[in-house]
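Take a look at the structure set out below.
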Amino acid sequence: MSPVKPLLALALAGFALNAYAHKPWLLPSTTMVESKDAWVTVDAAISEDLFTIDHQPLRLDGVTVTGPDGAKVELKNAMTSRMRSTFDVQMAKAGTYKVALVSQSVMGSYKLNGEMKRFRGTEESLAKDVPAGAEDVKITRTASRLETFVSANSTDDAVLKPTGVGLELVPVTHPNDMRVGEKATWRFLLDGKPAANQAFSLIPGGVRYRGTLGEIRHSTDAKGEISFTLPEAGMYLVTSSWPATPAPAPGQLPPMPPRRATYAATVEVLPQ
């Protein structure tokens, strides 16, 4: 996997449950295509306002598309402009495709000659990020997953199988078959095991036109599952992070755990 750019790593590490931070996202033109020649276009960006192209592009180096047969699918017509990236996905086979950006980063701090230093990089760059003689070294390893799902002519569950690494959403209700007013059931896993009492947030698109964030917050049960009903159709960004961050002391940054896992996905709720 290609090393994640520093600013992208910062966005991926910090997006979950922080509704006002810059958020990375993958936004498909639609999540369900019924056509003999099925294509979708995906926008990829990091923005302050959700699904608004207002900050900078999401680099496509680590983006992968997995088809219903498990094979990797080439990104077509990929390009990166000033504030967004975009690419097409040709869905030659019927079924569900997963578009994902999965990354692992290392960040932390140390003291050198009495001065506090901070760093951000990868496991491979850790040796040079922390120099010899460093003291009071604190390291946090973050596993981040950003994804969306699209289907051509029919849906299936092959790409929904968990990898067992980091924080993952396993939709019991297929993500391309959710409709307003109907109940959806989701399951969150942490390293392949149920993520009990896992908090997550859903933010619907169109914030700039609503004038309010419209954030919805839920938590899973002891089995890592939840059933809920979404009140409106549209595109939503789902975000979650582990572990929960305790409130910082006055005038201080929140303490960083030795390991973090974050998850985000764009899902569409269809009208009835």
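Numbering-wise, the sequence shown is residues -21 to -1, 1 to 251 according to mature numbering (1 follows the signal peptide of the UniProt record, and there is no 0).
Where a beta carbon is used, it is the ideal one built from N, C-alpha and C, also for glycine.
Computed from a predicted structure; not experimentally measured.
Annotated three-state conformation of Asp28 is coil, per DSSP.
When DSSP assignments are scanned along the region 98 to 122, no uninterrupted stretch of beta strand (DSSP E) that is 3 or more residues long falls wholly within it. Looking only at Val151, Arg158 and Asp67, the smallest Cα-Cα distance to Ala212 is reached by Arg158. Note on geometry: alpha-carbon atoms of Leu54 and Val151 lie some 28 Å from one another.
Along the region 117 to 191, the alpha helix (DSSP H) occurs as fully enclosed runs of 4 or more residues at 186 to 189, listed in sequence order. Distances from the CA of Ser219 to each of Ala50, Leu146, Lys172 and Val81 were compared; the closest alpha carbon is that of Leu146. Using a Cβ-Cβ distance cut-off of 8 Å, the region 54 to 72 and the region 27 to 46 are in contact, since at least three pairs of beta carbons, one from each stretch, lie closer than that value. Distance from the CA of Lys117 to the CA of Val144, rounded to the nearest whole angstrom, comes to 23 Å. In this structure, Val21 keeps its C-beta atom at 8 Å or more from the C-beta atom of Thr75.
Measuring C-alpha to C-alpha distances from Pro110 to each of Lys96, Thr101, Ser123 and Trp221 identifies Lys96 as the nearest.
Per DSSP, the beta-bridge partners of Glu204 are Arg166. Assignment of Ser64 by DSSP, reduced to helix, strand and coil, places it in the strand class. Nearest neighbour of Gly93 by Cα position, chosen from Ala240, Ala79, Gly112 and Ser104, turns out to be Gly112.
For Arg238, the enclosing beta strand (DSSP E) starts and ends at Arg238 to Val248. Around the beta carbon of Gly184, a 10 Å sphere encloses 16 or more other beta carbons of the protein chains shown; the residue is thus reported as buried. With fewer than 16 neighbouring CB atoms inside 10 Å of its own CB, Gln251 falls in the exposed class. DSSP places Leu91 in the uninterrupted beta strand (DSSP E) bounded by Gly74 to Leu91. From the listed residues Pro7, Ser60, Val246 and Gly87, the smallest Cα separation to Leu209 is found for Val246.
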